[in-house]
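Everything below concerns the one structure shown next.
Numbering (this note's numbering), first residue to last: 857 to 1084.
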């Protein structure tokens, strides 16, 4: 039973990262992504923060080779900006064939279904790391890149995701039939667990009431005996 529970927890974690808001394959012309927002979620920073927590991990799972830089600042009234870097058309044509070959090889190795995008386009020389103290502003595009930016401040994470998908042309990843069956199994198991917890709660409450009544009866009997 413990082994089954452990397996279901692992399966749930895998399905949660593979599917949901942000699970999408980016076009091959996307070279990198930069997010800047405040560490605190007031002053319109809550939506960007939720996108970072909920959507970006799935986006990174499906596009592991695409650098995704996060620059968190300490100023809530500061900007909240998404910057998307695109490869220029000429460089895109040169990379297209290589990308298709990598996808075909990964699909063959994975045994069907969508596969994460492979291939690296940015070197360590022009690629800063993420920062939680505001030290990684959006880098200047290279000569082979163009940039599209939009303001995330005050937007819900769903609106940020919709804008991001529209501007990048990313394709959401749909669950396979097997994964849909696994989702249903998890939901059914969660429903049974909730029913079991409710049954146990009622049992414990009944036991407590019974003990309280027994204690009250014993107290009353002792009082009668003492007064007689």
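By construction, the Cβ of each residue, glycine as well, lies at the ideal position given by its N, Cα and C atoms.
query, result
"Where residue 881 falls: helix, strand or coil (DSSP)", "strand"
"Alpha-carbon spacing of residue 1057 relative to residue 916, whole angstroms", "41 Å"
"Bridge-paired residues (DSSP) for residue 875", "According to DSSP, which records beta bridges pairwise, residue 875 is partnered with nothing at all."
"Sequence-distant residues of the same chain with beta carbon closer than 7 Å to residue 880, five excluded per side", "915, 918, 1021, 1026, 1027, 1028 and 1029"
"Per-residue DSSP class, three states only, for residue 1037", "helix"
"Inter-residue spacing [alpha-carbon to alpha-carbon] between residue 1073 and residue 1053", "30 Å"
"For residue 1083, the three-state DSSP class (helix, strand or coil)", "helix"
"Inter-residue Cα distance where the pair is residue 1038 and residue 878", "20 Å"
"Buried versus exposed call for residue 857 [16 or more other C-beta atoms within 10 Å across all chains shown]", "Confidence at residue 857 is low in this model, with a pLDDT of 48, below 50, so the placement of that residue should be treated as unreliable; the coordinate-derived value is given next. The residue in question, residue 857, is exposed, as its Cβ has fewer than 16 Cβ neighbours within 10 Å."
"DSSP-derived helix/strand/coil call for residue 1065", "helix"
"Coarse secondary structure for residue 896, derived from DSSP in three states", "coil"
"CA-to-CA distance, residue 986 to residue 899, given in whole angstroms", "22 Å"
"Outcome for residue 1063 when other beta-carbon atoms lying within 10 angstroms are tallied against a minimum of 16", "exposed"
"For residue 903 and residue 932, the rounded distance between their alpha carbons", "13 Å"
"Anticipated Cβ contact below 8 Å, residue 929 with residue 890, distance rounded", "Not confirmed; about 13 Å, so no contact."
"For residue 943 and residue 992, the rounded distance between their alpha carbons", "21 Å"
"Bounding residues of the beta strand (DSSP E) (the contiguous stretch that carries residue 928)", "924-929"
"Cutoff 7 Å; reference residue 1012; Cβ partners in own chain excluding five residues on either side", "903"
"Between the CA atoms of residue 1055 and residue 1075 - distance to the nearest angstrom", "30 Å"
"Rounded straight-line distance, which links the Cα of residue 1043 to that of residue 883", "33 Å"
"Residue 941 beta carbon less than 8 Å from that of residue 906", "no"
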